[in-house]
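Numbering (the UniProt record's numbering), first residue to last: 1 to 255.
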């Protein structure tokens with residue numbers, strides 16, 4: 001039986017939990033409860049960003065309604081056991097957060113092979129993680145191979161698709177995914193997430209529903225056999241990306 005894959009070891013030596021909770025588009029009024037429930041279920045990785053508009057309700061300890069403050073105060077979890085991902089605007093000084101011990105690793109988001117290659121050529125502190133959309137309907141095969149060759153861990157956001165996105169890729173409706181799920185006695189979401197772990201990247205499913213939070217975390221203690229994993233490789237590939245007049249070269253921004 002294959003290993004459970006609960007963690008991925010980064011080039012910094014830090015271990016990042018393989019399954020994290022995405023918080024994009026979670027309303028400020030519910031995100032705190034979702035995080036609290038997720039941590040009690042077993043999640044130890046919370047993916048945040050100031051631009052999400054809800055970060056202060058998750059880990060700003062100065063707030064009395066901060067979700068993590070209550071969890072820490074009640075002894076539900078220790079701070080050192082949590083992996084909190086936030087976002088900073090890129091600047092040369094960001095490497096200092098790693099030097100000072102304020103971060104266990106630094107990374108990038110939505111970097112293509114070209115962009116990541118250029119960064120690695122000049123970075124004093126190379127990124128340990130590249131966070132991109134990744135799921136069975138958009139495998140990011142080229143980027144994943146490049147990241148692996150450079151010891152950059154790939155972390156997949158929207159691993160079940162993004163229904164709130166107007167460019168929605170309907171991952172969970174794919175007939176091949178559903179056939180594999182039926183054979184394994186698992187939900188399509190669980191198979192999509194387990195696929196990510198076995199391929200070698202972290203997954204960051206978002207939910208505020210307790211039942212879904214539990215379902216999405218139930219990806220350990222079982223595995224997708226090689227024949228069915230190969231079957232998932234037959235899923236038609238789609239992609240979702242932004243185009244802007246500010247960038248003249250499509251191939252530079254997206255793989």
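C-beta: ideal position from N, C-alpha, C; glycine also.
- With distances taken between CA atoms, residue 98 lies nearest to 14 out of 52, 171 and 14.
- Shortest Cα-Cα distance from residue 18 to any of 27, 35 and 46 involves 46.
- Rounded to whole angstroms, residue 135 and residue 78 show a C-alpha spacing of 31 Å.
- Out of 190, 122, 33 and 210, the CA that lies nearest to the CA of residue 218 is found in 190.
- In the DSSP annotation of this structure, residue 131 is not part of any alpha helix (DSSP H); the continuous beta strand (DSSP E) holding it starts and ends at 129-133.
- The C-beta of residue 133 has 16 or more other C-beta atoms within 10 Å across all chains shown, which makes the residue buried.
- Between the C-alpha atoms of residue 39 and residue 202 there is a straight-line separation of about 17 Å.
- Here residue 157 carries a strand assignment [DSSP, helix/strand/coil].
- Within the same chain, 94, 95, 97, 98, 125, 127 and 128 come within 7 Å of residue 106 by CB-CB distance, once the 5 residues on both sides are set aside.
- Within the same chain, and ignoring the five residues on either side of residue 222 in sequence, the residues whose Cβ sits closer than 8 Å to its Cβ are 184, 186 and 194.
- The beta carbons of residue 43 and residue 24 sit no closer together than 8 Å.
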